[in-house]
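Terminal number for the sequence shown in our numbering: 274, no gaps in between.
As structure tokens, the structure follows; a few thoughts come after it.
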Amino acid sequence: MLRSLLMRKITGILLLLFYGSCNPLTLNNPCDQKSKAYIETLLLASVSEIPIPFCGFSVGNSPKLWETQAYLKASNADANDGFGYSVAVSGDIIVVGAAGESSNQTTITNGPAASTNNSALTSGAAFVFFRK
143 MLRSLLMRKI TGILLLLFYG SCNPLTLNNP CDQKSKAYIE TLLLASVSEI
193 PIPFCGFSVG NSPKLWETQA YLKASNADAN DGFGYSVAVS GDIIVVGAAG
243 ESSNQTTITN GPAASTNNSA LTSGAAFVFF RK
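Quick look at the structure:
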């Protein structure tokens, strides 16, 4: 059942990317048909993965096929965090939302030192990843 729902979601994303015409457009200028940058990164998510959800794989389009570039995961991941439920991509930056994250942390952390104190129920969090 979960795979079926996920496949429908992925199919919907792919249909959205290619809807309308076969000419790829840029995000900043939809009339510019010279660029295909907007379809070169695909994120696959599994927000219900047991025991810990992950945003998934950042997949890059090489000249011949799609290949895995990274496996994104929160440094303080717990079940029911909803990590990967919302995602934004801009160039080499990926922001992943975790609406169910319950950390009591109120500061920005760079690295694996995020709080594991889950006393702020469903306070939410955003995780920022940079592609090198």
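In this text, a Cβ means the ideal position worked out from N, Cα and C, and glycines have one as well.
Taking a cut-off of 8 Å on C-beta distances, the stretch 247-257 does not touch the stretch 220-234, as fewer than three cross pairs fall below it.
Nearest neighbour of T248 by Cα position, chosen from A268, R273, F272, turns out to be A268.
Counting C-beta atoms within 10 angstroms of its own C-beta, D223 has 16 or more neighbours from the protein chains shown and is therefore classed as buried. Rounded to the nearest angstrom, the Cβ distance from S265 to E243 is 7 Å, consistent with a contact under 8 Å. As the crow flies, the alpha-carbon of N259 is around 6 Å from that of N246. Among the bridge pairs identified by DSSP, G239 is matched with S228, A268.
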